[in-house]
Amino acid sequence: MERNILEELKTAMPSLSKGHKKIAHYIIENLDEAAFMTAAKIGRNIGVSESTVVRFAAALGYDGFPGFQEAVAAAVKGKLGAPSRFDISGADISHSKILEYVFRGDAEKITDTLANLDADAFDLAVDMIAEARRVYIVAVRSAAPVGDFLAFYLRMVVDDVAVVTTNSSSEIFEQMINVGEKDAVIGISFPRYSMRTLKALEFANNRNAKVIAITDSIHSPMNLYSSCNLFARSDMATVVDSMTAPMSLINAIIVALCVRNSKAVANKLEELGNVWNDYQVTNNDEINYLDEELMKDLRGLKG
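Residue numbers 234 to 536, in the working numbering, belong to the letters of the sequence shown in order.
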């Protein structure tokens, strides 16, 4: 029976060492190129030794690196031989099949993101955001809704949040002219990467701000100017970029910030609730927005 290298890598990922995880992630992200690379070349590309790559192949049960490389080549051949994406012009694809394909794909991206996320980088990002004087969020195109979602909830957790609108490069600098070393700048970008977001991160880095990149891999240009990198998979299934994993990552950031400063968050939510009631902001349009159980949980957490 022919081995499925991609399935093996994804299954083994949680139990791999940090160095081997790095190799596995690189193989998954660069399958086509890896099929023609030597162990030494793969090692150079990701900063590990040739012997580490050879030991990685052996750990997966292959008889040396050549056997592993053959399995990678077979996976590339299978990928080319069978469409990995739905042909949206096809009329014979059932809706239920599309539903299953998209949901399974999104679940896989979340699992892969969790397996490869650097916990120390996540903790650092939470600290940077919590301690910042002001938090700037830069996200355009398909990443823009993700940035807006982050900003909406972040405003309930920290005091000063600014979403940088990026209709032109000049507007970016006008809105970020006061950014400095006490501020945090979060840039969100996935393929195809935004040059406007990259320029904003470069500007923030030059001003000694704390720069956080939320992007897809170590090969993203967003990493050039950031001091904290959070990677979330965002593959395109058909014409739609999957933002499920990035959204889960952002949910985790918000929850971590709430736990870190639970009493202040509870006070802010309570104050907002009173303001909305006093000024009839919601006009009874929202049901249990400040859920009593949520408030109780926040009060019970260590602030």
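Backbone N, C-alpha and C define an ideal beta-carbon position, used for all residues, glycine too. Since this is a predicted model, take the numbers as computed values, not measurements.
1. With respect to the beta strand (DSSP E) encompassing Lys443, which residues constitute its N-terminal and C-terminal limits?
2. If you follow the beta strand (DSSP E) that Val418 is part of, which residue opens it and which one closes it?
3. Taking 8 angstroms as the cut-off, decide whether the C-beta atoms of Ala433 and Asp449 are in contact.
4. Quick one: what does DSSP say Leu463 is sitting in, helix, strand or coil?
5. Roughly how many angstroms separate the alpha carbons of Val444 and Ala384, rounded to a whole number?
6. Where does Ile238 sit, in a helix, a strand or coil, going by DSSP?
7. According to DSSP, which residues form a beta bridge with Ala395?
8. Using alpha carbons as the reference points, say which of Asn438, Cys461, Ser453 and Ala499 lies closest to Ser467.
9. Give me the Cα-Cα distance between Thr344 and Gly294, rounded to the nearest whole angstrom.
10. By the DSSP assignment, the alpha helix (DSSP H) with Leu490 in it spans what residues?
11. In the structure shown, what three-state DSSP assignment does Asp353 receive?
12. What do you reckon, are the CB atoms on Tyr369 and Val397 nearer than 8 angstroms?
13. Hey, how far is the Cα of Gln408 from the Cα of Ala499?
14. With a cut-off of 8 angstroms on the beta carbons, I'd call Ala290 and Leu239 a contact; round off their distance for me.
15. By the DSSP assignment, the alpha helix (DSSP H) with Pro247 in it spans what residues?
16. By the three-class DSSP mapping on this structure, what secondary structure does Ile451 have?
17. What separation, rounded to the nearest whole angstrom, lies between the Cα atoms of Ile362 and Glu504?
18. With a threshold of 6 angstroms on Cβ separation, who are the neighbours of Ile487 within its own chain once the five nearest residues in sequence on each side are excluded?
19. May I ask you to verify whether the segment 435-443 touches the segment 249-264, counting CB pairs closer than 8 angstroms and requiring at least 3?
20. Lys415 and Ala354: beta carbons closer than 8 angstroms?
21. Could you pull the start and end residues of the alpha helix (DSSP H) that Tyr295 belongs to?
22. Does DSSP classify Val281 as helix, strand or coil?
23. How would you call Lys342, buried or exposed, if buried means at least 16 neighbouring beta carbons within 10 angstroms?
24. What are the boundary residues of the alpha helix (DSSP H) that Phe269 is part of?
25. Could you tell me the distance, in whole angstroms, from the CA atom of Leu431 to the CA atom of Glu241?
26. Report buried or exposed for His258, applying the criterion of at least 16 other Cβ atoms within 10 angstroms of its Cβ.
Taking the definition as stated:
1. Lys443 to Thr448
2. Ala417 to Ile421
3. no
4. strand
5. 16 angstroms
6. helix
7. Tyr369
8. Ser453
9. 23 angstroms
10. Thr477 to Arg493
11. helix
12. yes
13. 30 angstroms
14. Not quite, the Cβ-Cβ distance comes to about 15 angstroms (not below 8 angstroms), so this is no contact.
15. Pro247 -> no alpha helix (DSSP H), and no H or E assigned at all.
16. coil
17. 22 angstroms
18. Tyr386
19. no
20. no
21. Careful: Tyr295 lies outside any alpha helix (DSSP H) and carries neither H nor E.
22. coil
23. buried
24. First-last for Phe269: undefined, no H or E at that position.
25. 35 angstroms
26. buried
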